[in-house]
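Chemist: Read in order, the letters of the sequence shown are residues 140 to 572 in the numbering used here. Before I ask anything, let me first share the structure, which is written out below as structure tokens.
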Amino acid sequence: MVPVSMPPLACLVLAGCMLFSAASHGQAALTLDQALRAAQDRSHQLAALHAAAAAAREMAVAAGQRPDPTLRVGLNNLPVDGPDRFSVTRDFMTMRSVAAMQELTGRDKLSARSARFEREAEAAEAARAQALATLRRETAMAWLDRHFQEQMLDLLRALRAEAGLQIEAAEAAYRGGRGGQADVFAARSAVALIDDRLRQTEGQLAVAKTRLARWVGDEARQALGAAPSLAAIRLDEGRVESQLAQQPEIVMLLKQEEIARAEADIAQRNKRPDWSVELMLSQRGPAYSNMVSVNVSLPLPVDPKNRQDRELAARLARVEQARAQREEATRAHGAEIRGWLQAWRSDRNRLAHYDGSLIPLAAERTRAALAAYRGGGGPLAAVLEARRIEIDTRLDRLRLEMDAAALWARLETLVPPGHDTAAPQRPAQPTEQ
Numbered sequence: 140m141v142p143v144s145m146p147p148l149a150c151l152v153l154a155g156c157m158l159f160s161a162a163s164h165g166q167a168a169l170t171l172d173q174a175l176r177a178a179q180d181r182s183h184q185l186a187a188l189h190a191a192a193a194a195a196r197e198m199a200v201a202a203g204q205r206p207d208p209t210l211r212v213g214l215n216n217l218p219v220d221g222p223d224r225f226s227v228t229r230d231f232m233t234m235r236s237v238a239a240m241q242e243l244t245g246r247d248k249l250s251a252r253s254a255r256f257e258r259e260a261e262a263a264e265a266a267r268a269q270a271l272a273t274l275r276r277e278t279a280m281a282w283l284d285r286h287f288q289e290q291m292l293d294l295l296r297a298l299r300a301e302a303g304l305q306i307e308a309a310e311a312a313y314r315g316g317r318g319g320q321a322d323v324f325a326a327r328s329a330v331a332l333i334d335d336r337l338r339q340t341e342g343q344l345a346v347a348k349t350r351l352a353r354w355v356g357d358e359a360r361q362a363l364g365a366a367p368s369l370a371a372i373r374l375d376e377g378r379v380e381s382q383l384a385q386q387p388e389i390v391m392l393l394k395q396e397e398i399a400r401a402e403a404d405i406a407q408r409n410k411r412p413d414w415s416v417e418l419m420l421s422q423r424g425p426a427y428s429n430m431v432s433v434n435v436s437l438p439l440p441v442d443p444k445n446r447q448d449r450e451l452a453a454r455l456a457r458v459e460q461a462r463a464q465r466e467e468a469t470r471a472h473g474a475e476i477r478g479w480l481q482a483w484r485s486d487r488n489r490l491a492h493y494d495g496s497l498i499p500l501a502a503e504r505t506r507a508a509l510a511a512y513r514g515g516g517g518p519l520a521a522v523l524e525a526r527r528i529e530i531d532t533r534l535d536r537l538r539l540e541m542d543a544a545a546l547w548a549r550l551e552t553l554v555p556p557g558h559d560t561a562a563p564q565r566p567a568q569p570t571e572q
């Protein structure tokens, strides 16, 4: 029989070499770390949250100051009829007054109000850390999605070249009387199916490039650099519970709880009313003495159990609400992280099984069917079926690696940059199959 194809591994190696050569002569490659830095540098949300924290700190200083004094100017007891009407100097009771009033807010109240804005500033910083974690996760997942879509496209193109050789072999056998026309159509059908997968993958790759460009901008036009090792993570699985309090989502909820506590503290201190002191100078006509008045004002809570007490109770209830939400979110987040870890390890084990068993077996079946066909002892349909299974197996392996990479990105971005909590874990070891 006519030789029909080069070994699948040789095609993949050749395609990889061609891709490496093209990348080395083109633009600088965009690595994952570079993509993360670019996404952080161009993020307006991070800048907005930084400004929000700065605004809250400015308000903390302002809230710690006493209210400005009030200036009051008045004309009292002006006659409006009789011989002294509209005269400001003839009647002894007519006075031109200037007064200054100051509210004497307690230092404890001012400190409580200032602390409330400090907590708000800390919450804005926590929100920035949470936004940064989300940005890094989405950027990493977009980068990895494009990386694996390109790998899948390269694999399909290599397999498409092999399938094209299969058509040539079937046509040659048909012309030489060693094969049937059905074999030619079967080979062409196999190529058409690969072409359809190629078109589908090209569309998915275009979407992945657009998704990456949303985070890194024009740098998404560059070729991608080598992928990082996806076989190890920085998160210490044995310390997940203790590390939960450091996660941006939980820190954000904790800061919201602290804001609620600060507002409850203000409500508690507001139960004691503030005094106000007023000094007034009154000027009368030249024949009369000028006068000085001192006034002290104090609000009178007439129904504290239905006003101040209820406001305090409402604030304390908000504190309890925030605490319960934080604790529930901590439990849910802990379970979610443990689930990601288990799924990631399972995927790594399955990938080892693919590499050690499924793909070699599929390749051997293809070689055996091809050898039988070349020797005249097997039909072309068996070769096509074996090749289809091998293609599906290789594509399934890539999809599984994509899923594992997405889980890796979620776990890796849980640890804030520059805050490694443990040494990198060893690669996930496959269990015995």
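Backbone N, C-alpha and C fix where the C-beta goes; we use that ideal spot for every residue, glycine too.
Rounded C-beta distance between Gln167 and Gln361? I'm assuming under 8 Å.
Modeler: In the sequence as displayed, the identity of residue 167 is Ala instead of Gln. About 6 Å separates the two Cβ atoms, so the contact holds.
Chemist: With 16 other CB atoms within 10 Å as the buried threshold, where does Thr278 fall?
Modeler: Looking at its Cβ environment, which holds 16 or more other Cβ atoms inside 10 Å, Thr278 is buried.
Chemist: Below 8 Å, how does it come out for the segment 237-244 and the segment 258-267: are there three or more Cβ pairs, yes or no?
Modeler: As far as the Cβ criterion goes, the segment 237-244 does not touch the segment 258-267, which means the pair count is below three.
Chemist: Can you say whether Arg484 is buried or exposed, counting buried as having 16 or more other CB atoms within 10 angstroms of its CB?
Modeler: Counting Cβ neighbours within 10 Å, Arg484 comes out buried, since at least 16 surround it.
Chemist: Between the alpha carbons of Gly424 and Ser226, how many angstroms are there, rounded?
Modeler: The straight-line gap from Cα to Cα measures roughly 9 Å.
Chemist: Just to check my reading of the structure: Ile389 and Arg465 have Cβ atoms closer than 8 Å, yes? What is that Cβ distance to the nearest angstrom?
Modeler: Contact flag correct, Cβ pair sits at about 7 Å.
Chemist: What does the alpha-carbon distance come out to for the pair Met232 and Ala201?
Modeler: Their backbone Cα atoms lie some 42 Å apart in a straight line.
Chemist: Helix, strand or coil for Thr209? Go by DSSP, reduced to three states.
Modeler: Residue state, collapsed to three classes: strand.
Chemist: Please report the straight-line C-alpha distance between Ala491 and Phe256, rounded to a whole angstrom.
Modeler: If you take the alpha carbons of Ala491 and Phe256, they lie about 53 Å apart.
Chemist: Give me the Cα-Cα distance between Ile405 and Arg373, rounded to the nearest whole angstrom.
Modeler: Taking the straight line from one Cα to the other gives about 42 Å.
Chemist: Assuming Glu242 is part of the beta strand (DSSP E), what are its boundary residues?
Modeler: Note, Glu242: beta strand (DSSP E), Met234 to Leu243.
Chemist: Looking at C-alpha atoms only, which residue of Met234, Leu351 and Thr505 is the closest neighbour of Gly213?
Modeler: Per the Cα distances, Met234.
Chemist: Sorted by chain position, which residues of the same chain lie with C-beta nearer than 7 Å to Lys348's C-beta, five sequence neighbours on each side aside?
Modeler: Answer for Lys348: Arg285 and Ala359, listed in chain order.
Chemist: Spell out a yes or no on whether the segment 532-539 and the segment 495-505 are touching, meaning 3 or more CB-CB pairs, one atom from each, closer than 8 Å.
Modeler: The segment 532-539 is in contact with the segment 495-505.
Chemist: From which residue to which residue does the beta strand (DSSP E) around Leu420 run?
Modeler: Element bounds for Leu420: Trp414 to Gln422.
Chemist: Can you tell me the Cβ-Cβ gap for Val355 and Ala177, rounded? I've got them flagged as a contact below 8 Å.
Modeler: Their Cβ separation, rounded to whole angstroms, is 4 Å, which keeps Val355 and Ala177 in contact under 8 Å.
Chemist: I'd like the ranges of any beta strand (DSSP E) spanning at least 3 consecutive residues and lying wholly in the segment 229-306.
Modeler: The segment 229-306 contains these whole beta strand (DSSP E) runs: 234-243.
Chemist: So, helix, strand or coil for Asn445, using DSSP?
Modeler: Residue state, collapsed to three classes: helix.
Chemist: For Asn434, which beta-bridge partners are listed by DSSP?
Modeler: Answer is Glu417, bridged to Asn434.
Chemist: Less than 7 Å between C-beta atoms, sequence neighbours within five positions excluded: which residues of the same chain meet that for Glu259?
Modeler: Answer for Glu259: Ala195 and Ile398, listed in chain order.
Chemist: For the alpha helix (DSSP H) containing Ser381, list its first residue and its last residue.
Modeler: Residues Val379 to Gln382.
Chemist: Less than 6 Å between C-beta atoms, sequence neighbours within five positions excluded: which residues of the same chain meet that for Leu337?
Modeler: Leu295.
Chemist: Could you have a look at Leu374 and say whether DSSP puts it in helix, strand or coil?
Modeler: Leu374: coil per DSSP, three-state reduction.
Chemist: Which of helix, strand or coil does DSSP assign to Asn429?
Modeler: Correct three-state label for Asn429: coil.
Chemist: Pull the bridge partners of Asn488 from the DSSP assignment, please.
Modeler: DSSP output for Asn488 lists no bridge partner at all.
Chemist: Assuming Ala270 and Gln386 are in contact, meaning their beta carbons sit under 8 Å apart, how far apart are those beta carbons, in whole angstroms?
Modeler: Going by Cβ atoms, the distance from Ala270 to Gln386 rounds to 14 Å, so no, they are not a contact pair.
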